[in-house]
Amino acid sequence: MDTRKEKLPYGIPGHNLSEIERDIPVNEPPAWPVNKDLNLIGKRVKRIDALDKVTGKAKYTSDLKLPGMLYAKMLRSTVPHAVISSIDISKAKQLKGVHAIHLIQNEEKDGEENENGKYPMVKYVGQPIGGIAAESLAIAKDALALITVKYEEKPFVIDLGSAMLKDAPIVFKQPIKQQEDGGDVGETHDGSKGEGNVRGPSTSSFFGGPRGDLEVGFQDADVIVENTYRTQVHTHMPLETHGVVVDWRPDMMTVYASTQNTAAVRNEMASIFGLPKSKVRVICEFMGGGFGAKHSAGSFGPMAANLAKKTGRPVWLMLDRQEEHIAEGNRPNSVQFLKIGAKKDGTLTAIQQRSHGTAGVGLGAGVGRIAQILYACPNFATEQYDVLTNAGPGAAWRAPGNVQGAFGLEQAIDELAEKLDVDPLAYRDIIDKSEVRKVERERGAKLFDWSRRKAPGSGEGVIKKGLGVGQSTWPRFVTLDSSVEVKVHRGGGVEIRSSVQDIGTGTKTVLAQVVAEELGLEVEQVTVNIGDTFFPVGPGSGGSVVTGSITPPARNAAFEAKKELLKLVAKKWETDSSNLSMKNGEVFNDKDASQKMSFKEATGLMRTSQISKVESRSDDYGGFQQPWGLAYGDLGSVQFAEVSVNTDTGFVKVDRIVAAHSCGRPLNIGQLESQINGGVIQGVSYALYENRVMDNSTGHMMNANVDQYKTPFSMEIPQIDTLIVEEYNARSSTDAYGIGEPANIATAAAIANAVYNAIGVRIYEIPITPASILTALNKV
Amino acid sequence: MEDKKQDANPGSKKGFSRRSFIRGAGLSTAGSVLLTTNAFAFEYEEGYSEGKEYGPGATLIQLKVNGSVQTLSVEPRTTLASALRDHLDLTGTKVVCDRGSCSACTVYVDDKPVNSCMMSVFDVVDKEITTIEGIAQNGKLHPVQEAFIEHDASQCGYCTPGMVMSCAHLLDNNPDPSLEDVKRATRGNLCRCGTHPHVFKATLDAAKKSS
């Protein structure tokens, strides 16, 4: 690719801002200056679909009603481990209003004790068995109650500890390949290591394998901290449940989906039903939240399609709250052993980590990544084991593996600091090489007033205050297969198209900002049409990849469209188009002040009705760390927590969080604040409240609802102060990245450290409950 | 449970009893209020339909929603939330938990906020229902709606209608609320994206601007 040399902003304004020269593709736009010199970027631009959301006009998948539409309900297993011997649907079939029943059948032999069975083996309570389509949801539910499933029940195991025992019931007999990193739900493959229900260890991540020599590292250490930390299973529970509406006509299957990845759902449905991708269209105009589990078509997608096929009518299939909890993903738990050594001057000499976690019938419960990269340490090794249980599958959940890992690592670092007699924040200045986190520590500590921090447990009275800090890092991921079309219409109007969806982060708005900035327009003059696989393919909303992946193509496409439009104007003015610029809704001749025309007038010069440019993304300027799109730099955060602990009742309240974050070039301050608030609140929830409670004797989740599955409501929300550090890396035409995942990593660790500071006793397990506080204080 | 069985059997002579539906629903309401921070325990009054039984089939009723009278055919077990969403296509009212624990389905019944998933539609036929679609007046947004847009108080937006209803009701009845008042007004509103800080800010700002 032809490149040109260009200077781009580099570093942190107010700290070390400079310029760096990069080779950039010749067809890409010139470098943007820093945000203060831009019109819309980095400003508080209103969310463009906010009006639809506050008036109730926004139509989510669950809100759709197509002519002739049927409502479907899934039939699910009520036992945790069984062979299905028979399913009697005769009564259900006869119920008035029932149109079709579809049972999931064994398509291929699974090589287990059930090889001749008609139906797949049941491995957890809630596993889909079939589905019913009826005139109304109520009728579908009635019909469900009329189906009798006969199970030959097998021994099962629910909790992590029991599943690891030698004589534990085996969840999967065949070998299963383990994912190297947390967050992926594994599939069944041949050829893995592991015994019984324990798979692994995996010893690497995409940052590579072990380094150095642990033994030498620990020999060099003057101080060693060694502990086991435990985190719970918690479930995603987006407010809009998983689900689809499938409208399958002879020429096209249209899938309306509440999904984080329209393109992936399209590909999956096409593959399952043997259709060309061009015959499957997935649409997601609005979606009611997703935190990692909504990337696939699931089992409900194919189920709705099968029912649509059988009935010839559109089928609505949204899960209910209980199904959402038990079957559609969770953040796996972990038992993490962590050993860290340091010299007297604080230098880290060795980090050893060993973890076990369960993603139920799925895999990918690893937690090692953050310990591998947050602090420079010459000797590192991890062993991460997945433990299979008869419970619903794990799924990626906002910074998979890192949130669990940070809870252990950041407490261990605090403990090391205490042993070395250094303030924990000052200790991070010694061992953390990241410039962005250095600035975040400085600015955050000032805003938070870290100097108030007292010795652990030294507070007077019943309610003790505590201050704590936690840090995080998240990679800059990029999905290379990210494209945007920008259309300029004759007579005015600009349109953006991509299959990328907006899960609530504000993707529509940042796309409009980027294109409007490039064209010198206002955001309102740009229409954003996304979430439709008929448009150029965009990334999935996961890994915090969207902003970094999709905004450069949007800017590049707008730039190309602008060039073409300016050529027309230049011809009319008999000048060179390089003399022209667009701002404030007008085209100017920089060489002749008398020549200007409105954007609308300029589009009137078009010979055809539209200029359409589809651009994708070049590699990051300066290359990648990994060829598939892992970019250089870290999205760092430092979070400070202030808590009150009632030492009589054990009640913990988070009073305040200061969250200092970077995301490259910030695009929309209001939306960034929203996402950071959300990450923090989910972190508070993880630290103190959420916990999946299983009945080990039946395999049922005991709190699969909203009232007993405790999450924070208004009364539990702390004061949250966000601090966004602008940080230029000169990596793309927008140099922007996402913040969804980084926002969630450090909170629980910061709260745990603050609780220790309050009461002087460390809690090694979350959620931190009144009972665990009272136990720690020897009061029960 | 017994009712469900009967209902599942269209041949049954005995109709579905609205009263037993309500008894079940009422118990859940009380239970969830005890268990959670849920805001609204609607004081149920068996006024309108005392003594009547409906069903088993659908019945024609009239509902006064957002100032206009609508006729719809509903089964006895239909909740207000379902009537609004499934029969009148007023899908701004969201169903998230379907058991009165999250306030996503908040609407006003005679100007009182209630969880519409917990109400039988037969009990509100003589009352004024206001939904999220009806709180803008004469094409002008409620000040709380304006402020939600201004302060980015929605993310995925699924809890937003319920949040707006709770906050708008607060301002309509208390023009000068404190932060604690806003928190109390929204204490039953679950939001998974964590928009609360901006919701608080927006509501306080709307109050300031309206006063």
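Residue numbers (our numbering), protein chains in the order written: chain B, 410 to 1189; chain C, -5 to 205.
By construction, the Cβ of each residue, glycine as well, lies at the ideal position given by its N, Cα and C atoms.
The C-beta separation of Gly879(B) from Glu819(B) comes to about 4 Å, placing the pair in contact by the 8 Å criterion. Gln628(B) sits exposed, since fewer than 16 C-beta atoms from the chains shown fall within 10 Å of its C-beta.
For Leu834(B), there is no enclosing beta strand (DSSP E); the enclosing alpha helix (DSSP H) covers residues Pro833 to Ile840. The C-beta separation of Gln762(B) from Leu623(B) comes to about 10 Å, leaving the pair out of contact by the 8 Å criterion. Under the Cβ criterion (8 Å, minimum of three pairs), the segment 801 to 815 of chain B counts as touching the segment 733 to 747 of chain B. Residue pairing for Val1047(B): DSSP places it in a beta bridge opposite Gln880(B) and Ala1069(B).
For Ala459(B), at least one C-beta of chain C is nearer than 9 Å to its own C-beta. The way I'd put it, the segment 117 to 125 of chain C doesn't touch the segment 183 to 190 of chain C; fewer than three beta-carbon pairs between them come closer than 8 Å.
With respect to Ala774(B), Ala780(B) sits apart: the two C-beta atoms are not nearer than 9 Å. Taking all protein chains shown into account, Phe789(B) has 16 or more neighbouring C-beta atoms within 10 Å of its C-beta and is therefore buried. Under the three-state reduction of DSSP, Ser499(B) is assigned to helix. Assignment of beta-bridge partners to Ala491(B) by DSSP yields Val531(B) and Glu562(B). Beta-bridge annotation (DSSP): Ser743(B) is paired with Thr640(B). Below 8 Å, enough C-beta pairs join the segment 1063 to 1082 of chain B and the segment 1137 to 1145 of chain B to call them touching: three or more. With 16 or more other Cβ atoms from the protein chains shown falling within 10 Å of its own Cβ, Thr1131(B) counts as buried. Here Gly603(B) carries a strand assignment [DSSP, helix/strand/coil]. Chain order gives the chain C residues near Ala467(B) as Gly151, where near means a beta carbon separation below 7 Å.
In the DSSP assignment, the residues bridged to Met727(B) are Gly652(B). With contacts defined by Cβ atoms closer than 9 Å, Asp832(B) and Arg850(B) do not form a contacting pair. Along the length of the segment 419 to 473 of chain B, whole beta strand (DSSP E) runs at least 3 residues long occupy 427 to 434, reported in chain order.
The Cβ neighbour count for Gly721(B), taken over all protein chains shown within 10 Å, is under 16; the residue is labelled exposed. When rounded, the separation of the alpha-carbon atoms in His163(C) and Thr197(C) is 11 Å. Using a CB distance below 9 Å, the part of the segment 183 to 195 of chain C facing chain B consists of Asn183, Leu184, Cys185, Arg186, Cys187, Gly188, Thr189, His190, Pro191, His192, Val193 and Phe194, ordered along the chain. Judged by their CB atoms, Trp441(B) and Ile450(B) are nearer to each other than the 9 Å cut-off.
Under the DSSP assignment, Phe142(C) falls in the alpha helix (DSSP H) whose first and last residues are Pro137 to Glu144.
Taken through DSSP and simplified to helix, strand or coil, Thr1107(B) comes out as coil. Here Ser987(B) carries a helix assignment [DSSP, helix/strand/coil].
Excluding sequence positions up to five before and after Gly535(B), its CB lies within less than 6 Å of the CB of Arg485, Ile735, Ala736 and Gly801, all in the same chain and listed in chain order. Within the same chain, and ignoring the five residues on either side of Thr640(B) in sequence, the residues whose Cβ sits closer than 6 Å to its Cβ are Asn742, Ser743, Gln813, Phe816 and Ile1175. DSSP links Arg620(B) through a beta bridge to Phe789(B). Beta-bridge partners of Ile567(B) (DSSP): none assigned. Taking 9 Å as the threshold, the shortest C-beta distance from Pro171(C) to chain B does not fall below it.
Taking the Cα positions, Pro962(B) is about 48 Å away from Leu553(B). The C-beta of Glu562(B) has fewer than 16 other C-beta atoms within 10 Å across all chains shown, which makes the residue exposed. Between the segment 906 to 922 of chain B and the segment 867 to 885 of chain B there are fewer than three C-beta pairs closer than 8 Å, too few to call the two in contact. Under DSSP, Glu1174(B) forms a beta bridge with Arg639(B).
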